[in-house]
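Listed below in structure tokens is the structure:
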């Protein structure tokens with residue numbers, strides 16, 4: 013069951029204050045409260061109210077989770093309210109001015125009932141489309157992404173039907189993007205188009221390697237595409253990009269003025285490195301990386317729609333694949349060494365890329381496997397959390413349509 017009340021460990025207040033190099037008086041002055049109140053908090057005689065938890069965290073330079081002991085990726089609705097430093101009355105007051113809050117007749121009592129997993133009075137509260145609209149407003153009030161509120165909602169109220177978020181409207185190509193393409197000359201357009209195609213091909217190759225459990229370098233590395241080697245083509249050969257340009261009837265596939273002009277326009281990034289060529293030795297190589305602006309510009313020119321992005325509450329194809337991999341490992345889970353990198357900061361309980369960054373989804377967690385008799389920990393293994401399993405069950409049909417090639421697929 014979710015926590016009914018959020019508490020602050022009074023011993024952490026003193027520890028964090030000392031860590032920040034502050035006296036009780038200095039902390040009180042920073043917060044604008046009395047010295048005696050800070051002493052009472054540290055002694056555990058009083059607990060800070062919601063508005064003071066946020067002010068306390070700001071004064072100590074920490075996150076509210078550091079005071080409440082809530083691991084990243086396990087926040088409930090009351091965590092989000094305390095993190096925003098708001099009372100239930102203040103939240104209700106802000107929501108009442110919105111159409112969703114008005115339709116649901118939001119008040120402080122209903123906010124507290126929502127946070128305590130109690131029944132909220134009013135038949136409108138059983139309509140996922142209305143609670144979805146309310147959830148969007150809560151995200152604005154708490155200053156967090158909608159996905160954070162949805163995850164906290166489902167942890168708090170696991171038996172509820174998930175709130176339904178409205179579909180994203182399709183975004184048309186901006187006039188600026190189209191004008192940017194039209195301003196390019198024919199040669200620049202061919203270069204940019206072929207760089208986009210090669211980037212897409214490389215992305216597909218990296219996806220296939222991940223599916224085959226083959227090591228994949230970071231995107232910052234593989235998106236730098238080899239363009240040309242410094243030497244005669246008959247000696248050092250041609251890169252795949254140069255071959256693509258030859259096929260597009262560009263007979264001089266040089267790494268000179270055209271590349272640099274695209275770089276000056278912010279459509280690509282050009283860099284250099286050195287590689288070993290058999291029989292020749294080390295030679296300089298030119299690398300190109302298409303930017304987000306360049307990708308949008310090339311898509312506009314080629315008449316392709318903007319790159320689709322998943323709805324705000326769903327995962328990217330990469331993260332969905334990671335979650336499935338953990339979930340389909342069964343009761344044994346995955347050994348801790350089988351997952352690493354940035355995916356943990358998006359999915360795992362206890363991971364947060366930066367102190368004030370938004371929490372992870374909390375869909376997977378590292379659990380100990382004990383020796384017989386529970387004498388010691390043999391190893392740690394990754395398992396899907398209850399919320400992670402619920403997310404899969406709720407949105408599996410959507411993911412199957414979005415990412416049909418992702419495997420394995422749980423039944």
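In this note's numbering, the protein residues as written are 13 to 423.
Virtual Cβ for every residue (Gly too), placed ideally from N, Cα, C.
Keep in mind it's a predicted model, so treat the numbers as computed, not measured.
Taking C-alpha positions only, residue 295 is separated from residue 307 by approximately 29 Å. Residue pairing for residue 394: DSSP places it in a beta bridge opposite 346, 378. No Cβ-Cβ contact shorter than 9 Å links residue 92 with residue 324. Using a Cβ distance threshold of 9 Å, residue 359 and residue 400 count as a contacting pair. Residue state for residue 38 is assigned as helix, using DSSP reduced to three classes. Taking the Cα positions, residue 145 is about 23 Å away from residue 328.
The DSSP-derived three-state label of residue 87 is coil. Shown here, residue 327 sits in coil according to DSSP, grouped into three states, outside any helix or strand. By the neighbour-count criterion, in which 16 or more other beta carbons inside 10 Å mark a residue as buried, residue 254 falls on the buried side.
Looking at 142, 221, 334, 371, the one whose alpha-carbon comes closest to that of residue 107 is 142.
Between the beta-carbon of residue 90 and that of residue 103 there is about 11 Å, and that puts the pair past the 8 Å contact cut. Residue 31 counts as exposed, since fewer than 16 other beta carbons sit within 10 angstroms of its beta carbon.
Residues 39, 42, 43 of the same chain have their beta carbon placed closer than 7 Å to that of residue 71, with the five preceding and five following residues left out of the count.
Within its own chain, no residue has a Cβ closer than 7 Å to the Cβ of residue 215 once the five positions on either side in sequence are excluded.
Taking residue 167 as reference, the option from 119, 210, 84, 37 with the minimal CA-CA separation is 84. A distance below 7 Å between beta-carbons, with the five flanking residues on each side excluded, links residue 132 to the following residues of its chain, in chain order: 122, 125, 126. The beta carbons of residue 203 and residue 289 sit no closer together than 9 Å. The C-beta of residue 372 has 16 or more other C-beta atoms within 10 Å across all chains shown, which makes the residue buried.
Taking every protein chain shown into account, the CB of residue 409 has fewer than 16 other CB atoms within 10 angstroms, so this residue is exposed. In the structure shown, residue 285 falls within a strand segment according to DSSP collapsed to helix, strand and coil.
A Cβ-Cβ contact shorter than 9 Å links residue 238 with residue 252. For residue 28, same chain residues with a beta-carbon under 8 Å away, outside a window of 5 residues either side, are 72, 74, 78, 79 in chain order.
Across the set 63, 272, 49, the C-alpha of 49 shows the shortest separation from the C-alpha of residue 57. When rounded, the separation of the alpha-carbon atoms in residue 249 and residue 280 is 23 Å. Distance from the CA of residue 257 to the CA of residue 206, rounded to the nearest whole angstrom, comes to 7 Å.
DSSP, read as helix, strand or coil, puts residue 304 in helix. Residue 23 carries a helical assignment under DSSP once its states are collapsed to helix, strand and coil. By the Cβ-count criterion, residue 240 is buried, with 16 or more other Cβ atoms from all chains shown falling within 10 Å of its own Cβ.
If you draw a straight line from the Cα of residue 236 to the Cα of residue 300, it comes to about 5 Å. Annotation: the stretch 106-148 contains the following complete segments of the alpha helix (DSSP H) (minimum length 4 residues), in chain order: 111-115, 120-127.
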